[in-house]
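First the structure, in the form of structure tokens, and then the observations on it.
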Amino acid sequence: MNVNPAGAGSLVVVSHSVADTHRLASQLCDVLRPGDLVLLCGDLGTGKTAFTKGLAASLGIDDQVTSPTFVLVQTYDGPVPIVHVDVYRLEHAGELEALALEELLDETAIGVIEWGDRFAAHLPPDRLEIMFSPGAGIDDRTVVLVPQGPSWHARRRLLAELVEGF
Amino acid sequence: MVILRSLRILGIETSCDETAAAVVEGGSMVCSSVVASQAERHARFGGVVPEIASRLHVDVITDVIARALVEAGLDFPELDAVAATHGPGLAGALLVGVSAAKAIALAHGIPYIGVNHLEAHLYAAFLEEPDLVLPMVVLLASGGHTMIVHMIDHGRYVVLGRTVDDAAGECFDKVARFAGLGYPGGPAIDRLAIDGDPTSIRFPRPMLDEGYDFSFSGLKTAVINHVRNHPDDDLPDLCASVQEAIVDTLVIKLMRAAREVDAKAVVIGGGVAANTALRTRVLDEAARAGIRAFVPARWLCTDNAAMIASVAWWRLHSDGPTSLASGAYPNLRLPVVG
Ligand SMILES: Nc1ncnc2c1ncn2[C@@H]1O[C@H](COP(=O)(O)OP(=O)(O)O)[C@@H](O)[C@H]1O
Ligand SMILES: [Mg+2]
């Protein structure tokens, strides 16, 4: 994985493999805290679920993480639990309300929402957005980290170091 | 025992897309089966969503139950038990069926049986073939599940493998939506594939040599990459090739499992089992291997309430009625031995 110097303030890395994406997730674990919210954005097959698998493994979760598209919400218990949400099938903000996310996303767990950008305005503003897009090679993914809100702006330096050291 | 044999059970299914009710006698004789599909109403939403699904279930459940009784030529007092899917599924949707069943049980003084939806799919084949031989190996594939189950005996299951990422039906649906074919995508691909050449594009068959687990996210990604790079490709060829890759993967593992556990029969179930190419291939491969194959009618593969009433008959015999104090279990898993 190498640093992409696109724009001064941007936090961009290129992942060249699933293993790279898992490594990124694992390093991000050092920056994440219980109660955090992460939105995973990007088209089908860009690695949102693959990233979540890496995150779960690094957090010490034993369960197999599978795509939550059908079940919408799946909670994985562990030292730090993950609440894994997928809003791919939702069309309206009203449907998002029916999921009662505010009850699910508690202080002790890390919330991960695939396709979160589809309802960005309706989700808590303090969050890390991660944008995945296809890269040049078949296994390349451009990954952009976008810290949003006070707690994530405070951690911007940590993210920059992570990106640089990759 | 004679009395038990002829028990008439009303089954109710509301765990996902469909609102369904059916009356089955003696575990395998279908007296009626009504399915009010919500798929059409959901088509414009691109999927099933819990809030909408539970509201639509509430709208139609009373009518669906009434129609199931009329078709069976029965009234409530002639029922011996009532069953409903209590998991897995969307909590709000499950509660509609569970509440209706418990109300009927209470009002008419008959036993209530809460049913596992996945186990019910395993029993769908018995409705056509009451003398199905065990042990058998079942491929259960739908929008939310993909697993190979070794059914050793009634109520005794071992999950030999399952998907590690996307379900087979999810792969069909996502690819179809990406190619602009709408929702649900499985039937659209099935239809278009008829006029396509399944060998035109060689898509990967992930994890083919790695046990009985499946991985469909890599296939999904390969198809999407292909569509991105060849936007003008012939749609029937694309559909036929995707379908071929999915069917290949499912059937190769199913047959390998059947040989390994020395199963007497292979069975398919779940929404993906309605796929024409899968049905044909399972019959062909089983014939070649000298194993019996049961490919239930399409209406028995997709969600229905007859399978709920059928498994309820078996569960009533083995476990007795379910307490009226029990609820809905969104994360319920298939009960396994060992
Ligand atoms: N660099 C990469 N990062 C993540 N996934 C990758 C990468 N290269 C290839 N892949 C493959 O792409 C697929 C991503 O699928 P998935 O995680 O389900 O995507 P999404 O959840 O975004 O739809 C997986 O099959 C994975 O093996
Ligand atoms: Mg995903």
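Chains as they are written, first to last, in the working numbering: chain A, 1 to 166; chain B, 1001 to 1338.
Beta carbons: idealized from backbone N, C-alpha and C, even for Gly.
- In the DSSP annotation of this structure, the continuous segment of the alpha helix (DSSP H) that includes residue 1242 of chain B starts and ends at 1235 to 1260.
- Legend: CB atoms of the segment 1193 to 1220 of chain B lying less than 8 angstroms from CB atoms of chain A belong to residues 1217, 1220.
- Residue 1230 of chain B sits exposed, since fewer than 16 C-beta atoms from the chains shown fall within 10 Å of its C-beta.
- Residue 1077 of chain B has its alpha-carbon roughly 20 angstroms from the corresponding atom of residue 1305 of chain B.
- Judged by DSSP secondary structure, residue 1333 of chain B falls outside any alpha helix (DSSP H); it is assigned neither H nor E.
- In the structure shown, residue 1030 of chain B falls within a strand segment according to DSSP collapsed to helix, strand and coil.
- Closer than 8 angstroms to the CB of residue 45 of chain A there is at least one CB belonging to chain B.
- Straight across, the Cα-Cα distance linking residue 1245 of chain B with residue 1224 of chain B is about 14 angstroms.
- Per the coordinates, the alpha-carbon of residue 1270 of chain B lies some 50 angstroms from the alpha-carbon of residue 157 of chain A.
- Comparing C-alpha distances from residue 1034 of chain B to each of B:1331, B:1170, B:1299, B:1317 shows the shortest one belongs to B:1299.
- An exposed status is given to residue 1208 of chain B, since fewer than 16 other beta-carbon atoms sit within 10 Å of its beta-carbon.
- At a cut-off of 3 residues, the continuous stretches assigned as beta strand (DSSP E) that sit fully inside the segment 63 to 118 of chain A are 73 to 76, 82 to 86, 110 to 114.
- With its beta carbon less than 8 angstroms from one in chain A, residue 1167 of chain B belongs to the interface.
- With the rule of 3 Cβ pairs closer than 8 angstroms, the segment 1272 to 1283 of chain B does not count as touching the segment 1307 to 1323 of chain B.
- For residue 133 of chain A, the CB stays at least 7 angstroms from every heavy atom of ligand 2.
- Residue 1150 of chain B is bridged by DSSP to B:1137, B:1158.
- Within the same chain, Cβ atoms closer than 7 angstroms to the Cβ of residue 1211 of chain B are found at 1161, the five residues on either side in sequence being excluded.
- Cα atoms of residue 125 of chain A and residue 148 of chain A: separation of roughly 7 angstroms, rounded to the nearest angstrom.
- With its beta carbon less than 8 angstroms from one in chain B, residue 67 of chain A belongs to the interface.
- By the criterion of at least three beta-carbon pairs nearer than 8 angstroms, the segment 44 to 61 of chain A is not in contact with the segment 150 to 164 of chain A.
- Taking all protein chains shown into account, residue 1101 of chain B has 16 or more neighbouring C-beta atoms within 10 Å of its C-beta and is therefore buried.
- Put simply, of B:1116, B:1235, B:1213, B:1266 the residue whose alpha carbon is nearest the alpha carbon of residue 64 of chain A is B:1213.
- Spatial neighbours of residue 1237 of chain B in its own chain (CB-CB distance under 8 angstroms, excluding positions within 5 residues in sequence) are listed in chain order as 1196, 1197, 1200, 1201.
- For residue 18 of chain A, the Cβ falls inside the 7 angstroms cut-off from some heavy atom of ligand 1.
- Along the segment 1084 to 1112 of chain B, there is no position whose C-beta sits under 7 angstroms from a C-beta of chain A.
- With 6 angstroms as the limit, the residues whose C-beta approaches a heavy atom of ligand 2 more closely than that are A:48, A:49, A:67, A:114, in chain order.
- Residue environment for residue 1337 of chain B: exposed (fewer than 16 other C-beta atoms within 10 angstroms of its C-beta).
- Contact check between the segment 1010 to 1029 of chain B and the segment 1081 to 1096 of chain B: three or more CB pairs, one atom from each, fall below 8 angstroms, which counts as touching.
- Set against 7 angstroms, the gap from the CB of residue 1292 of chain B to the closest heavy atom of ligand 1 is not smaller.
- By the beta-carbon neighbour count (other beta carbons within 10 angstroms, threshold 16), residue 1070 of chain B is exposed.
- Taking each of B:1165, B:1145, B:1146, B:1264 in turn and checking the Cα distance to residue 1289 of chain B, the smallest one comes out for B:1264.
- With a threshold of 7 angstroms, the Cβ atom of residue 44 of chain A counts as near ligand 1, since some heavy atom of the ligand is closer than that.
- Chain A has no Cβ within less than 8 angstroms of the Cβ of residue 1013 of chain B.
- Distances from the CA of residue 1221 of chain B to each of B:1173, B:1190, B:1235 were compared; the closest alpha carbon is that of B:1173.
- Near chain A, meaning a CB-to-CB distance below 9 angstroms, the residues of the segment 1142 to 1176 of chain B are 1142, 1143, 1144, 1145, 1162, 1163, 1164, 1165, 1166, 1167, 1169, 1170, 1173, 1174, 1175.
- Rounded to whole angstroms, the Cβ separation of residue 68 of chain A and residue 74 of chain A is 5 angstroms, and the two are in contact under 8 angstroms.
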